[in-house]
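K.L.:
Structure in structure tokens, see below.
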Amino acid sequence: MTVNVLGISGSPRRHGNTETLLDAVLDGAREAGGEIEKIVLRRLDYASCQGCNVCHKTGACIIDDDLTEIFEKIAGADVLVVASPIYSMGITAETKGMIDRAQYLWAQKFILKTLYYSAEHTRRHKGIFVSTAGLGWENVFDAAFPAITAFFNTTGFEYWDNVIANDLDRYGGIAGHPTALADAQKKGRDVVGLLLGLQAPEDTTN
Amino acid sequence: MTIDVLAFAASPRRHGNSETLLDRVLATMEEEGAAVEKIVVPEVDIRPCKGCNACEKLNRCVQRDYMDYVYDRIIEADCIILASPIYCMGLTAQAKMLVDRAQVFRSRKFVLRLPVVPPERKGKRVGIFISTAGQDWDYVFDSTIPSVKCFFHVIDVRNKDIQYLMVNSVDEKGAIDRHPTANTDAERLARDVVAYLREVGVA
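As you go down the protein sequences, you meet chains A and B in turn. Residue numbers are given in the numbering used here: position 109 of the first sequence equals residue 109, and the series is strictly consecutive. Residue numbers are given in the numbering used here: position 65 of the second sequence equals residue 65, and the series is strictly consecutive.
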């Protein structure tokens with residue numbers, strides 16, 4: 001039994017606050033026995049959605065680039081961890097560029113009706129959103145959540161939890177935050193533990 | 001003096017609903033005597049912000065692309081219009097690239113404490129956000145507004161000088177033409193903004 005954990009970093013900056021927080025989630029997941037893979041979007045070459053709507057008829061995207069394989073990896077993951085810092089009160093253009101490309105799955109689900117995630121599937125697939133913000137405002141992540149919700153819905157993951165830390169300008173970065181990294185590691189451990197528990201065959205408990 | 005209008009069509013689809021609505025606004029503004037320029041964002045070379053924060057020291061972006069021109073035009077314009085459809089409950093990735101690159105102005109204003117526009121032009125700029133969405137949910141635009149406000153805030157357009165023209169339930173190409181009020185709303189908005197800019201002495 002394996003729990004595949006796919007982390008996707010949508011920050012343009014390598015090893016910054018968001019990616020460090022993502023790494024902590026992945027470290028925790030690894031400790032708990034998960035198989036970890038991390039994708040860094042800025043290293044990939046991809047186009048955003050062209051709005052051509054061809055997928056509304058065919059269920060497939062006309063673009064074949066580095067994201068094509070990423071969507072295959074997403075389909076094979078049990079835990080999907082999407083990480084983006086907050087830029088201008090939203091997720092980064094890199095992250096949004098990936099999310100918008102999921103339109104072909106949306107089309108399969110809602111137009112062509114060829115894709116259906118059972119409640120059981122969604123229960124066994126957990127999505128985590130990792131984010132950081134320099135600003136201390138409590139609402140600084142609010143505008144990011146709907147796009148993340150849409151992405152997890154489209155890719156068949158239950159939006160399980162957030163791992164978010166704001167006010168990082170004041171803390172001098174993620175390393176200065178009193179609890180964020182430890183909390184992130186725990187979330188990583190917990191989600192893998194939870195899925196391992198769900199995967200255990202129920203008829204062996206007697 | 002002529003009113004200078006700078007518009008960004010940030011949909012990847014050419015001549016779709018959000019661009020059509022933008023065109024209606026621009027055509028009316030031209031009729032009213034304004035000079036309009038439309039930049040089709042997916043057709044020019046605008047790359048995403050690298051998050052390097054160099055602009056906090058350099059007061060300019062380290063990237064050399066079409067934004068070099070756009071930065072100057074954003075400062076010159078009296079009215080700046082951003083038009084983006086809603087994709088996955090947010091701005092398009094193309095629009096978000098443009099918004100994130102305005103980080104240069106944020107650094108100028110809040111880190112370096114330098115003016116974005118000369119003091120005499122403050123309060124004499126209008127921002128317009130035009131958006132369309134296929135969904136009929138009344139909250140479909142909500143999560144986009146904070147990024148839009150952020151964009152206009154850093155380029156010295158006051159919150160009260162931002163106008164919104166947002167139309168939901170328009171999905172397939174051309175749907176906007178059949179909308180009962182969108183086009184007259186666009187024309188009225190365009191006339192109101194030009195009249196306002198004249199009133200505050202822009203032209």
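Think of the CB as a built atom: it goes at the ideal place given N, C-alpha and C, for glycine as much as any other residue. Bear in mind that the values here come from a model prediction, so they are computed numbers and not experimental data.
For Ile39 (chain B), name the three-state secondary structure that DSSP assigns.
P.N.:
Residue mapping note: residue 39 (chain B) aligns to position 39 of the second sequence, counting from 1. In the structure shown, Ile39 (chain B) sits in a strand (DSSP, three-state: E or B).
K.L.:
Note down the Cα distance separating Cys55 (chain B) from Phe110 (chain B), rounded to an integer number of angstroms.
P.N.:
Along the second sequence, read from residue 1 onward, the residue named residue 55 (chain B) stands at position 55. Along the second sequence, read from residue 1 onward, the residue named residue 110 (chain B) stands at position 110. The alpha-carbon atoms of Cys55 (chain B) and Phe110 (chain B) are separated by roughly 11 Å.
K.L.:
Any idea what DSSP makes of Met97 (chain B), helix, strand or coil?
P.N.:
Mapped onto the second sequence, residue 97 (chain B) falls at position 97. The answer is helix: DSSP assigns Met97 (chain B) an H, G or I state.
K.L.:
Apart from the five residues just before and just after Val54 (chain A), which ones in its own chain have a Cβ nearer than 7 Å to its Cβ?
P.N.:
Within the first sequence, numbered from 1, the residue matching residue 54 (chain A) stands at position 54. Only Ile62 meet the Cβ criterion.
K.L.:
Using CA coordinates, which residue listed in B:Leu21, B:Ile39 and B:Tyr71 is at the minimum distance from Ala7 (chain B)?
P.N.:
Counting from 1 along the second sequence, the entry for residue 7 (chain B) is found at position 7. With distances taken between Cα atoms, Ala7 (chain B) lies closest to B:Ile39.
K.L.:
For Asn162 (chain A), which beta-bridge partners are listed by DSSP?
P.N.:
As a first step, residue 162 (chain A) is located in the first sequence; it is residue number 162 there, counting from the start. Beta-bridge pairing links Asn162 (chain A) to A:Phe129.
K.L.:
For His125 (chain A), does the count of other Cβ atoms within 10 angstroms reach 16, so buried, or fall short, so exposed?
P.N.:
Counted from its first residue, the first sequence places residue 125 (chain A) at position 125. By the neighbour-count rule (16 or more Cβ atoms within 10 Å), His125 (chain A) is buried.
K.L.:
Tell me, which residues are paired with Ser9 (chain A) by DSSP?
P.N.:
Numbered from 1 along the first sequence, position 9 holds the residue referred to as residue 9 (chain A). The partner list for Ser9 (chain A) (beta bridge, DSSP) reads A:Val40 and A:Ala83.
K.L.:
Go through the region 126-172 of chain B residue by residue and report every complete run of the beta strand (DSSP E) that reaches 3 residues or more, in order.
P.N.:
DSSP runs (the beta strand (DSSP E)) wholly in the region 126-172 of chain B: 126-132 and 162-167.
K.L.:
Which residues in chain B sit within 8 Å of Asp100 (chain A), going by Cβ to Cβ distance?
P.N.:
Working through the first sequence from its first residue, we reach residue 100 (chain A) at position 100. By Cβ distance, chain B contributes Tyr87, Cys88, Thr92 and Ala93.
K.L.:
Relative to the C-alpha of Tyr87 (chain B), which residue among B:Asn17, B:Pro118, B:Glu120 and B:Pro115 is closest?
P.N.:
Here residue 87 (chain B) is taken as the residue at index 87 of the second sequence, counted from 1. The residue with the shortest Cα to Cα distance from Tyr87 (chain B) is B:Asn17.
K.L.:
Would a C-beta distance cut-off of 9 Å place Leu165 (chain B) and Phe129 (chain B) closer than the cut-off?
P.N.:
The residue you call residue 165 (chain B) lines up with position 165 of the second sequence. The residue you call residue 129 (chain B) lines up with position 129 of the second sequence. Their beta carbons are under 9 Å apart, which means Leu165 (chain B) touches Phe129 (chain B) by this criterion.
K.L.:
In the DSSP assignment, find the alpha helix (DSSP H) that holds Ser84 (chain B) and state where it starts and stops.
P.N.:
The sequence position of residue 84 (chain B) within the second sequence is 84, counting from 1. Counting along the chain, Ser84 (chain B) falls outside any alpha helix (DSSP H), though it belongs to the beta strand (DSSP E) covering Cys79 to Pro85.
K.L.:
Use the C-beta contact count for Ala195 (chain B): other C-beta atoms within 10 angstroms, 16 or more gives buried, fewer gives exposed.
P.N.:
By 1-based counting over the second sequence, the position of residue 195 (chain B) is 195. Flag for Ala195 (chain B) reads exposed.
K.L.:
Does any C-beta atom of chain A lie closer than 9 Å to the C-beta of Ala9 (chain B)?
P.N.:
Taking the first residue of the second sequence as position 1, residue 9 (chain B) is located at position 9. No, Ala9 (chain B) does not count as interfacial toward chain A.
K.L.:
Check each residue of the region 46-59 of chain B: if its Cβ is closer than 8 Å to any Cβ of chain A, include it; give the result in chain order.
P.N.:
So the close ones are Pro48, Cys49, Lys50, Gly51 and Cys52.
K.L.:
May I ask you to report which of helix, strand or coil DSSP gives Glu218 (chain A)?
P.N.:
Outside the displayed span of chain A (1 to 206) sits residue 218 (chain A), for which this structure offers no information.
K.L.:
Bridge partners for Asp4 (chain B) per DSSP, in chain order?
P.N.:
As a first step, residue 4 (chain B) is located in the second sequence; it is residue number 4 there, counting from the start. Paired residue(s): B:Ala35.
K.L.:
Quick one, are the C-beta atoms of Arg73 (chain B) and Arg125 (chain B) less than 9 Å apart?
P.N.:
Taking the second sequence and counting its residues from 1, one reaches residue 73 (chain B) at position 73. Taking the second sequence and counting its residues from 1, one reaches residue 125 (chain B) at position 125. Taking 9 Å as the Cβ cut-off, Arg73 (chain B) and Arg125 (chain B) do not qualify as a contacting pair.
K.L.:
Measure the C-alpha to C-alpha separation of Tyr159 (chain A) and Phe110 (chain A) and round it to an integer number of angstroms.
P.N.:
Locating residue 159 (chain A) in the first sequence gives position 159, counting from the first residue. Locating residue 110 (chain A) in the first sequence gives position 110, counting from the first residue. For Tyr159 (chain A) and Phe110 (chain A), the distance between alpha carbons rounds to 19 Å.
K.L.:
May I have the straight-line CA-CA distance separating Arg101 (chain B) from Leu181 (chain A), to the nearest angstrom?
P.N.:
As a first step, residue 101 (chain B) is located in the second sequence; it is residue number 101 there, counting from the start. As a first step, residue 181 (chain A) is located in the first sequence; it is residue number 181 there, counting from the start. Cα to Cα, Arg101 (chain B) sits roughly 29 Å from Leu181 (chain A).
K.L.:
With DSSP as the reference, label Gly90 (chain B) as helix, strand or coil.
P.N.:
Along the second sequence, read from residue 1 onward, the residue named residue 90 (chain B) stands at position 90. Strand, per DSSP.
K.L.:
Are there 16 or more other CB atoms within 10 angstroms of the CB of Trp137 (chain A), so buried, or fewer, so exposed?
P.N.:
If you number the first sequence from 1, residue 137 (chain A) lands on position 137. That one is exposed.
K.L.:
Hey, Ala143 (chain A) and Ser147 (chain B) are a contact pair by Cβ (cut 8 Å); roughly how many whole angstroms apart?
P.N.:
Against the first sequence, residue 143 (chain A) aligns to sequence position 143. Against the second sequence, residue 147 (chain B) aligns to sequence position 147. About 6 Å separates the two Cβ atoms, so the contact holds.
K.L.:
Going by DSSP in three states, Ala186 (chain B) sits in which element: helix, strand or coil?
P.N.:
Counting from 1 along the second sequence, the entry for residue 186 (chain B) is found at position 186. Looking at Ala186 (chain B) - three-state DSSP - the assignment turns out to be helix.
K.L.:
Measure the C-alpha to C-alpha separation of Leu22 (chain B) and Asp185 (chain B) and round it to an integer number of angstroms.
P.N.:
To locate residue 22 (chain B), count along the second sequence from 1; it is residue 22. To locate residue 185 (chain B), count along the second sequence from 1; it is residue 185. Using only the alpha carbons, I get a separation of about 11 Å.
K.L.:
Using a 10 Å radius around the Cβ and a threshold of 16 neighbouring Cβ atoms, would you call Thr2 (chain B) buried or exposed?
P.N.:
For this step, residue 2 (chain B) is matched to residue 2 along the second sequence. Exposed.
K.L.:
Taking Cβ-Cβ distances shorter than 8 Å, what residues in chain B pair up with Ser9 (chain A)?
P.N.:
Your numbering for residue 9 (chain A) matches position 9 in the first sequence. Going along chain B, no residue has its Cβ under 8 Å from Ser9 (chain A), so there is no contact; the nearest lies around 12 Å.
K.L.:
So, is the C-beta of Pro12 (chain A) closer than 9 Å to a C-beta in chain B?
P.N.:
Sequence index remark: in the first sequence, residue 12 (chain A) carries index 12 (1-based). Yes, contact with chain B.
K.L.:
Against Arg64 (chain B), what residues of chain A qualify as contacts under a CB-to-CB distance less than 7 Å, listed in chain order?
P.N.:
Start at 1 with the first residue of the second sequence, and residue 64 (chain B) comes out as number 64. Ordered by position in chain A, no residue passes the 7 Å Cβ test against Arg64 (chain B), which lies about 17 Å from the chain.
K.L.:
For Glu35 (chain A), list the residues DSSP reports as bridge partners.
P.N.:
As a first step, residue 35 (chain A) must be located in the first sequence, where it is residue number 35. Bridge partners of Glu35 (chain A): A:Asn4.
K.L.:
Per DSSP, what kind of secondary structure is Val76 (chain A) in: helix, strand or coil?
P.N.:
Here residue 76 (chain A) refers to the residue found at position 76 of the first sequence. The question names Val, but residue 76 (chain A) in the sequence shown is Gly. Coil, per DSSP.
K.L.:
I'd like to know whether the C-beta of Glu172 (chain B) is nearer than 9 Å to at least one C-beta of chain A.
P.N.:
Counting from 1 along the second sequence, the entry for residue 172 (chain B) is found at position 172. Yes - at least one Cβ of chain A is within 9 Å of the one on Glu172 (chain B).
K.L.:
By the 10 Å Cβ neighbour count, where 16 or more other Cβ atoms means buried, how is Ala175 (chain A) classified, buried or exposed?
P.N.:
The count along the first sequence starts at 1 and reaches residue 175 (chain A) at position 175. Exposed, since its Cβ has fewer than 16 Cβ neighbours within 10 Å.
K.L.:
Is it the case that the region 15-22 of chain A contacts the region 163-178 of chain A, given that we only count it when at least three CB pairs across the two stretches are under 8 Å?
P.N.:
Yes, they touch.
K.L.:
Residues of chain A with CB closer than 9 Å to the CB of Met1 (chain B), please, in chain order.
P.N.:
Translated into the one-based positions of the second sequence, residue 1 (chain B) becomes position 1. Result: empty, since nearest Cβ-Cβ is about 31 Å, beyond 9 Å.
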